[in-house]
Amino acid sequence: MTDLNQLILEFEFKENFKDQDFYVSNSNKQAYKLIKVWPKWEKKFLNICGVKFSGKTHLINIFQKNFQAIKIEACELNNNFLNQAKLNKNVIIENIDENTNVELLYSIYNIVDIEDKFLITTSNIPISEINFNLKDLRSRCGNFVISKILNPDDDLVYALIIKNLSDRQILIDKKLVDYIVKRITRSYGKISDFIYKIDQISLKEKKSIDFKIIKKALEMN
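Residue numbers (this note's numbering): 951 to 1171.
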């Protein structure tokens, strides 16, 4: 494997959610610190919000590994999970939106509040701004500590590019990463799309990733 800038293996990539793989920057350090200092929170309710690909699930996985919790996607909320919530100290509900079952969410909120548990939720926008059709739930959402993940700064863009490439078993020269960082849109979604595109172009053309492939992907992005 001499003189190759990267190794490309053609199989499904797997995202790494290990603690050491999470890059802390000004964009996400508040959320990361809150996850790490549990249970020393101001309140028992935490909402981590940010756009898709901003790292919410990574943070949740770090918390779950370190402190144990039951977890469910908001769209899958059911009575069985409601019963499980009564037996666990930490409850996680991911990707809450206005279509979430408000009765079940409200019931879980009350269980956490009355029985001295902890609830972590994730959403694209602050949970206090979601227009739930249950007034009492909307009122309770004001009790959440809101931790918003901001758009990535240059350091985080660099780290995200490296991580996304690593998840796909791809290594590229640092000068190529520097070139990308200076030109790519500061958006978690755009970064993810870009990595997918350069991977696909490289595989399709059966060529190592170089400036030409990167420029082509940037133009498509």
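By construction, the Cβ of each residue, glycine as well, lies at the ideal position given by its N, Cα and C atoms.
Residue i by DSSP, collapsed to three states: which one?
| i | result |
| --- | --- |
| THR1050 | coil |
| LEU1069 | strand |
| PHE1094 | coil |
| GLU992 | coil |
| MET1170 | helix |
| VAL974 | coil |
| ASN1038 | coil |
| LYS1021 | strand |
| ILE1080 | coil |
| ILE1012 | helix |
| ASN997 | strand |
| ILE1064 | helix |
| ILE1174 | Only positions 951 to 1171 of the chain appear in this structure, which leaves residue 1174 out of reach. |
| SER1152 | helix |
| GLY1005 | coil |
| SER1158 | coil |
| GLU960 | Because the pLDDT of GLU960 is 38, which lies under 50, any placement of that residue in the model is unreliable, and the number read from its coordinates should be weighed accordingly. In the structure shown, GLU960 sits in coil (DSSP, three-state: anything other than H, G, I, E or B). |
| LEU1027 | coil |
| ILE1141 | helix |
| PHE967 | The pLDDT assigned to PHE967 is 49, lower than 50, so where the model puts this residue is not dependable; a value taken from the coordinates is nonetheless given after this. PHE967: coil per DSSP, three-state reduction. |
| LEU1100 | coil |
| ASN1074 | coil |
| ILE1130 | helix |
| GLN980 | helix |
Less than 9 Å between the C-beta atoms of residue i and residue j, yes or no?
| i | j | result |
| --- | --- | --- |
| ILE1145 | LEU1115 | yes |
| ARG1090 | TYR1138 | no |
| ILE1080 | GLU1048 | yes |
| LEU1106 | SER977 | yes |
| PHE1094 | ILE1077 | yes |
| LYS994 | LYS1067 | yes |
| ILE1148 | ILE1141 | no |
| ILE1120 | ILE1151 | no |
| LEU1027 | ASN1051 | yes |
| SER1004 | ALA1109 | no |
| THR1071 | ILE1111 | no |
| PHE1031 | ILE1058 | yes |
Check each candidate in the options and name the one with the smallest Cα separation from residue i.
| i | options | result |
| --- | --- | --- |
| GLU1044 | GLN1150, GLU1065 and ILE1075 | ILE1075 |
| TYR1129 | ILE1163, GLU1048 and GLU1065 | ILE1163 |
| ASP1104 | LEU1168, ARG1136 and TRP991 | ARG1136 |
| PHE1013 | ARG1088, PRO989, LYS1156 and LEU1153 | PRO989 |
| ASN997 | ILE1111, VAL1041, ASP1143 and GLN1150 | VAL1041 |
| SER1073 | ASN1171, VAL1001 and ASN1011 | VAL1001 |
| TYR973 | LEU1168, HIS1008 and VAL987 | HIS1008 |
| ILE1169 | ASN1030, ASP1143 and ASP1117 | In the sequence on display, residue 1169 carries Glu and not Ile. Answer by Cα proximity: ASP1143. |
| CYS999 | TRP991, GLU992 and ILE1010 | ILE1010 |
| LYS1006 | ILE1096, GLU1155 and LYS1039 | ILE1096 |
| VAL1131 | PHE1161, LYS1156 and TRP991 | PHE1161 |
Determine, using beta carbons only, whether residue i comes closer than 9 Å to chain D.
| i | result |
| --- | --- |
| PHE1017 | Among the protein chains of the structure shown there is no chain D, as only one such chain exists. |
Is it a yes or a no for the stretch 974 to 988 touching the stretch 1081 to 1094, going by three-plus beta-carbon pairs under 8 Å?
By the criterion of at least three beta-carbon pairs nearer than 8 Å, the stretch 974 to 988 is not in contact with the stretch 1081 to 1094.
Cβ pair count under 8 Å reaching 3, the stretch 1088 to 1103 against the stretch 1012 to 1032
The stretch 1088 to 1103 vs the stretch 1012 to 1032: no contact.
Any chance the stretch 1061 to 1076 sits against the stretch 1025 to 1042, with 3 or more Cβ pairs inside 8 Å?
Yes, the stretch 1061 to 1076 is in contact with the stretch 1025 to 1042.
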